[in-house]
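Residue numbers (UniProt numbering): 1 to 305.
Printed below as a string of structure tokens:
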């Protein structure tokens with residue numbers, strides 16, 4: 001759920017203390033095939049639900065898979081997700097290049113028919129490969145030109161480890177099929193895989209399958225160097241933020257108010273102000289402490305102190 005005060009909107013999400021898969025890769029965790037198998041199943045259920053809601057995530061990668069304390073995987077970060085209705089196709093060049101499906105680059109470069117839900121399943125295949133091997137199947141980086149990537153997918157073959165089971169390799173091959181029409185791209189395809197034939201999907205959905213990797217509950221599963229926010233650097237961050245906002249507002253008012261960007265941002269702020277009730281922790285505490293008969297005399301919750 002969400003709420004707001006005078007300056008900020010707060011979004012409350014599940015508390016997931018197990019860290020993301022990128023962090024654990026950087027800590028040299030060796031994920032077993034059974035562990036990755038469960039991640040594939042849990043992500044398949046997540047992607048199946050997103051499809052039922054007409055959502056393409058477009059950024060499935062280890063950084064966006066969070067683990068809970070028991071080791072179950074959760075998909076997060078919908079910053080670049082998009083909604084498509086029946087018959088529609090997405091066309092924007094969006095995602096993280098090493099995990100983006102070939103058809104995204106083709107659509108951007110050649111003005112093709114666009115792409116659909118299949119792109120998330122390609123990303124799942126790339127991620128599963130990386131978890132098993134420690135590196136990705138294609139040597140792609142953010143600075144690679146789109147033209148070179150289109151050529152790469154048509155010339156480079158994925159190399160699979162001889163230490164993996166034949167069934168796992170077969171599943172990864174179907175997820176990493178360049179042609180989206182032949183790619184595994186829905187829950188039914190995954191469930192039909194020989195490798196997952198023994199999976200009890202109701203148990204996966206209810207988190208009754210014990211993960212092979214459980215994060216250590218006695219430690220912090222993130223790098224605090226990159227997690228610190230500016231709030232810890234200021235003794236009274238909210239008060240200073242108010243001053244900054246007031247200063248910025250004064251500066252903006254001195255500019256041409258007809259600027260379309262400022263108008264658009266103002267409309268967004270007004271919409272948020274109308275749709276969300278201002279939350280005041282102190283007033284809520286006072287109102288809870290007062291007798292019920294005096295509650296009507298308290299100040300409205302939406303007024304600012």
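Heads up, the beta-carbon is just placed ideally off N, CA and C, and yes, glycines get one too.
Residue i to residue j span [Cα, whole Å]
i	j	result
residue 118	residue 170	18 Å
residue 232	residue 223	Any reading at residue 232 is ruled out, since the residue's pLDDT is 44, under 50, leaving its predicted position unreliable.
residue 123	residue 8	33 Å
residue 191	residue 184	10 Å
residue 37	residue 148	32 Å
residue 186	residue 103	17 Å
residue 132	residue 264	46 Å
residue 156	residue 1	45 Å
residue 41	residue 73	10 Å
residue 121	residue 163	23 Å
residue 12	residue 109	39 Å
residue 105	residue 85	22 Å
residue 62	residue 39	11 Å
residue 25	residue 5	38 Å
residue 127	residue 100	11 Å
residue 10	residue 200	37 Å
residue 172	residue 188	15 Å
residue 161	residue 174	16 Å
residue 142	residue 178	20 Å
residue 27	residue 266	44 Å
residue 48	residue 270	35 Å
residue 112	residue 87	15 Å
residue 56	residue 78	9 Å
residue 116	residue 60	14 Å
residue 165	residue 219	33 Å
Range of the contiguous beta strand (DSSP E) that encloses residue i
i	result
residue 80	Element bounds for residue 80: n/a, residue is neither H nor E.
residue 2	2-4
residue 67	65-67
residue 75	73-75
residue 10	9-11
Test item: CB-CB of residue i and residue j under 7 Å
i	j	result
residue 75	residue 46	yes
residue 176	residue 158	yes
residue 306	residue 114	No answer is possible for residue 306: it lies beyond the span of the chain, which begins at 1 and ends at 305.
residue 35	residue 153	no
residue 23	residue 182	no
residue 94	residue 58	yes
residue 167	residue 129	no
residue 71	residue 211	yes
Exposed unless 16 or more other CB atoms sit within 10 angstroms - verdict on residue i
i	result
residue 83	exposed
residue 54	exposed
residue 80	exposed
residue 217	exposed
residue 98	buried
residue 89	exposed
residue 3	exposed
residue 31	buried
residue 268	exposed
residue 107	buried
residue 215	buried
residue 234	For residue 234, the predicted model reports a pLDDT of 46, less than 50, meaning its position is unreliable and no value from the coordinates is stated.
residue 145	exposed
residue 295	Caution applies to residue 295, whose pLDDT of 39 falls short of 50 and renders its modelled position unreliable; the value that the coordinates give is listed next. Exposed, by the Cβ-count rule.
residue 44	buried
residue 230	At residue 230 the pLDDT is 43, less than 50, meaning the model places this residue with poor confidence and gives no usable figure here.
Residue span of the alpha helix (DSSP H) that contains residue i, given as start and end
i	result
residue 172	166-175
residue 154	146-155
residue 105	102-110
residue 124	118-133
residue 46	33-52
residue 188	187-191
residue 202	201-205
residue 22	21-26
Within the chosen definition, does the segment 204-211 reach the segment 121-137 through at least 3 CB pairs nearer than 8 Å?
No: the two stretches stay apart, fewer than three of their Cβ pairs being nearer than 8 Å.
Pairs of beta-carbons, one from the segment 61-70 and one from the segment 14-30, closer than 8 Å: are there three or more?
Short answer: they touch.
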